[in-house]
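A.B. asks: Residue numbers (our numbering): 138 to 416.
A virtual CB, placed ideally from N, CA and C, is assigned to each residue, including glycine.
Got a structure for you, questions after.
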Ligand code: SF4
């Protein structure tokens with residue numbers, strides 16, 4: 138059995154929140170560079186160049202990539218042979234978030250949904266813990282702004298809608314979102330399961346490395362098709378029109394009930410701030 142003190146989790150959550158707020162990941166930089174080389178419009182190329190420069194400045198000066206430093210999503214995959222000791226794991230995660238947002242002067246965006254009173258420390262994080270075999274532990278953190286989160290959609294399609302129904306729903310979601318989610322987008326899609334399972338898969342898909350394709354040959358083709366058709370909407374960088382509306386499409390699927398076809402689309406802006414580490 139392996140023992141992990143939850144203070145390690147607190148410290149790593151803090152470190153990751155600060156790193157993600159200030160530093161554009163290498164795969165995102167490469168993807169934006171690729172988009173800039175493929176963008177045909179002058180304005181689109183200018184916007185993509187500004188986004189890249191913004192990333193450089195943020196890292197140099199240790200200031201946030203975006204004023205919306207997001208809601209924090211924490212995923213913990215814990216081996217069955219791991220024993221946690223120390224403060225309750227949920228409290229440790231939230232303490233890590235609290236310290237990062239206080240010490241890093243990051244915007245605190247979390248409010249009561251009814252009274253709108255700010256919790257003043259950007260907690261609580263949304264935490265999901267999954268048991269896995271073995272004695273490993275993996276921590277994933279996502280900072281998500283709500284310009285893009287607000288544009289996500291879930292639809293309970295009928296089975297007869299089929300693949301074309303899924304494609305239409307995804308493209309309608311991107312078109313209706315327009316410039317609101319700050320494209321170019323990374324699009325996470327969850328197909329199957331239940332309403333909540335499809336939404337969870339769509340968000341978790343955002344952690345895949347940019348440039349990776351699904352190992353499932355059918356989903357790989359569907360990812361390629363959707364990325365091409367999303368770019369044919371010509372929403373363009375930051376919604377000003379152009380060729381590059383999407384950087385990536387990631388699809389996850391799960392068996393569903395014979396009477397349903399749940400589909401969820403989670404749009405992430407160009408400021409994709411997520412990272413996974415082994416503990
Ligand atoms: S959608 Fe993304 S880039 Fe746009 S304001 Fe929100 S966090 Fe910032």
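Report, in whole angstroms, the separation of the C-beta atoms of residue 243 and residue 259, which I expect to be a contact under 8 angstroms.
C.D. replies: Stepping through the chain shown from its first residue, residue 243 is reached at position 106. Stepping through the chain shown from its first residue, residue 259 is reached at position 122. Indeed they touch by this definition, with Cβ atoms about 7 angstroms apart.
A.B. asks: Can you check the stretch 220-284 for any alpha helix (DSSP H) of at least 4 residues that lies completely inside it and give the ranges in chain order?
C.D. replies: Runs found: 226-240.
A.B. asks: Could you give the C-beta distance for residue 192 and residue 143, rounded to a whole number, given that I count them as a contact under 8 angstroms?
C.D. replies: On the chain shown, residue 192 is found 55 positions in, with the first residue counted as 1. On the chain shown, residue 143 is found 6 positions in, with the first residue counted as 1. Contact between residue 192 and residue 143 is absent: CB atoms are separated by about 32 angstroms, not below the 8 angstroms threshold.
A.B. asks: Our contact map puts residue 159 next to residue 214 with C-beta atoms below 8 angstroms; I'd like the distance itself, whole angstroms only.
C.D. replies: As a position in the chain shown, residue 159 is number 22, starting the count at 1. As a position in the chain shown, residue 214 is number 77, starting the count at 1. Not really, about 25 angstroms apart at Cβ, beyond 8 angstroms.
A.B. asks: From residue 274 to residue 217, what does the alpha carbon distance come to, in whole angstroms?
C.D. replies: In the chain shown, counting from the first residue as 1, residue 274 sits at position 137. In the chain shown, counting from the first residue as 1, residue 217 sits at position 80. Between residue 274 and residue 217, the C-alpha separation is close to 9 angstroms.
A.B. asks: Roughly how many angstroms separate the alpha carbons of residue 416 and residue 298, rounded to a whole number?
C.D. replies: Within the chain shown, the letter at position 279 stands for residue 416. Within the chain shown, the letter at position 161 stands for residue 298. If I take the Cα positions, the gap works out to 42 angstroms.
A.B. asks: For residue 300, write down the residues that DSSP places opposite it in a beta bridge.
C.D. replies: Your numbering for residue 300 matches position 163 in the chain shown. For residue 300, which the question treats as bridged, DSSP gives no partner whatsoever.
A.B. asks: Expressed to the nearest angstrom, what Euclidean distance is found between the alpha-carbon atoms of residue 300 and residue 198?
C.D. replies: On the chain shown, residue 300 is found 163 positions in, with the first residue counted as 1. On the chain shown, residue 198 is found 61 positions in, with the first residue counted as 1. C-alpha separation (whole angstroms): 46 angstroms.
A.B. asks: Helix, strand or coil, according to DSSP, for residue 318 in the structure here?
C.D. replies: For the purposes of this step, residue 318 is taken as residue 181 along the chain shown, with counting starting at 1. Coil, per DSSP.
A.B. asks: How about residue 311 and residue 367: do their beta carbons lie closer than 7 angstroms?
C.D. replies: As a working mapping, residue 311 is identified with position 174 in the chain shown. As a working mapping, residue 367 is identified with position 230 in the chain shown. The beta carbons of residue 311 and residue 367 sit closer together than 7 angstroms.
A.B. asks: Taking contact to mean at least 3 C-beta pairs separated by less than 8 angstroms, is the stretch 315-326 in contact with the stretch 340-349?
C.D. replies: yes
A.B. asks: Does the Cβ of residue 405 have 16 or more other Cβ atoms within 10 Å, making it buried, or fewer, making it exposed?
C.D. replies: Mapped onto the chain shown, residue 405 falls at position 268. By the C-beta density criterion, residue 405 is buried, having at least 16 other C-beta atoms within 10 angstroms.
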